[in-house]
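Here the sequence shown is numbered in my numbering, starting from -8 and rising by one per residue.
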Amino acid sequence: MAVRATGFGIFWWGAPLLAFVVVPIIDHLVGPDRSNAPENVVARLQSDRFYRWATYLYVPNQYLSLVFACWLWAGGGWVTMNFVDKVGLMTTVGLIGGLAINAAHELGHTRLQAERQLSKITLAQTWYGHFLVEHNRGHHVRVATPEDPASARLHESVYAFIPRSVGGGLRSAWKLEASRLAKTGRPFWTPNNNLLTAWLLSAALFSGLALWFRPVVLPWLVGQAIIGFCLLETVNYIEHYGLRRRKKPSGRYERVTPSHSWNSSSLIANILLFHLQRHADHHSNPLRNYQVLRDVDKAPQLPGGYANMLLLALLPPLWRRVMDRRVLDCYGGDIRLAALKPGLITPSG
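In structure tokens form, the structure reads like this:
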């Protein structure tokens, strides 16, 4: 391994260095890619199993990295790790778990029960099994409306958004699953409850690892899970920031269109994220596989890839300076048409 060969503990921070330094540099050098697959090959690409296996194979690699990390946290291996090294490894494993949520997202948008179960297994590392319920039946229905906790409002900081989205997503998933079970005549506390089975998977995973490697690994497991789901929620923050669907006189919201999601055309990040950055087409066509998602001209464009925007989001004044005017440009300068943070009258910066 790199650490053993060089003695440099910085390699424990490999994932954040790759995600937030190497990938943005390569994307800057390569430039954006707004090309779409020709229509005459879309059907063949959609059914090409290579792309499905890319999501399947992420799962065993995800858990191999988690088990290996537990071994190192527990004092195994050939190197002595100090506290900073362990935090670096926790961050790396957390980012791997966060990217796993993206793989689970792709597997969860399917009618195949086996893939949905694999999605649930993938989410166990981050204790985010409720995502499968809330994302498909909640977020995709309510996106870019005040009722969606995963749609960020204009001038809302990521630090205010994350707890609102986490709490709101949990409550929404609970209500959605309770409603589904009630319609089938089943009680909430049943093995058929997708939330309970997902959380039991996470509990079994953490308990098993604690028994195998001793409870000393538990704080690191909790830390990596928090990093993983905070990565997801920061991506959620970016994807619909300030965008709003118009409510019609009937009280129903207008149909979801590409104008309700931010897109990015950075090539390398799109490859690594299963084309998640082509988010506008995903919301317009949620059953379309990631390899054939299109770059849509009508979608608002982010000024950078997700890696750049994630770092920018951590600095709210700078984020607002860059993004708030772009939101207003989407609505011809009329702030009343944007998704507003409660109490906001005028944007600053």
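Just so it is clear, CB atoms sit at the ideal spot from N, CA and C, and this is done for glycine as well.
No experiment lies behind these values; they were computed from the predicted model shown.
- A direct Cα-Cα distance of roughly 34 Å separates Ala164 from Asn27.
- In the structure shown, Leu20 adopts helical secondary structure according to DSSP, grouped into three states.
- Burial is judged here by how many other beta carbons sit within 10 angstroms of a residue's own beta carbon; Ala105 has fewer than 16 and is exposed.
- Excluding its 5 nearest sequence neighbours in each direction, Pro140 has C-beta neighbours in its own chain below 7 Å: Arg155, Ser156, Gly159, Gly160 and Ser163, listed in chain order.
- Between Arg128 and Leu191, the CB-CB gap reaches or exceeds 7 Å.
- Of the candidates Leu8, Leu9 and Gln215, Gln215 places its Cα closest to the Cα of Met81.
- Between His266 and Leu284, the C-beta gap is smaller than 7 Å, which places the two residues in contact.
- Pairwise C-beta distances place the stretch 58 to 74 out of contact with the stretch 235 to 253, as fewer than three of them are shorter than 8 Å.
- Rounded to the nearest whole angstrom, the C-alpha separation of Leu55 and Ile87 is 11 Å.
- DSSP assignment within the stretch 271 to 312 yields the following whole alpha helix (DSSP H) runs of 4 residues or more, N-terminal first: 297 to 304.
- Contact fails between the stretch 296 to 312 and the stretch 49 to 67, because fewer than three Cβ pairs, one in each stretch, are under 8 Å apart.
- In this structure, the straight-line span from the alpha carbon of Tyr150 to that of His121 is close to 21 Å.
- Around the C-beta of Gly66, fewer than 16 other C-beta atoms lie within 10 Å, and the residue is accordingly described as exposed.
- Ranked by Cα distance from Glu224, the options Leu8, Arg316, Phe2 and Tyr297 are led by Tyr297.
- Rounded to whole angstroms, the gap between the alpha carbons of His274 and Ser252 is 8 Å.
- Cβ atoms of Leu145 and Leu331 come within 8 Å of each other, at about 5 Å.
- Listed in chain order, the non-local C-beta contacts of Tyr49 below 6 Å within the same chain comprise Ala94, local neighbours out to five positions each way being set aside.
- A Cβ-Cβ contact shorter than 7 Å links Ala115 with Leu196.
- As for any alpha helix (DSSP H) of minimum length 4 sitting wholly inside the stretch 172 to 216, the runs are 185 to 204, ordered along the chain.
- Contact check for Leu98 and Leu90: beta-carbon distance about 13 Å, past the 8 Å limit, so the pair fails to qualify.
- For Asp288, the closest alpha carbon among the candidates Asn299, Asp272 and Pro294 is that of Asp272.
- In chain order, Leu123, Val124 and Glu168 place their CB closer than 7 Å to the CB of Asn185, counting only its own chain and leaving out the 5 sequence neighbours on each side.
- DSSP, read as helix, strand or coil, puts Ser241 in coil.
- Annotated three-state conformation of Ser156 is helix, per DSSP.
- The distance from the Cβ of Val21 to that of Ile259 is about 6 Å, consistent with a contact at the 8 Å cut-off.
- Distance check between Lys77 and each of Val207, Ile153 and Phe152 places Val207 closest, using alpha-carbon atoms only.
- Taken through DSSP and simplified to helix, strand or coil, Leu263 comes out as helix.
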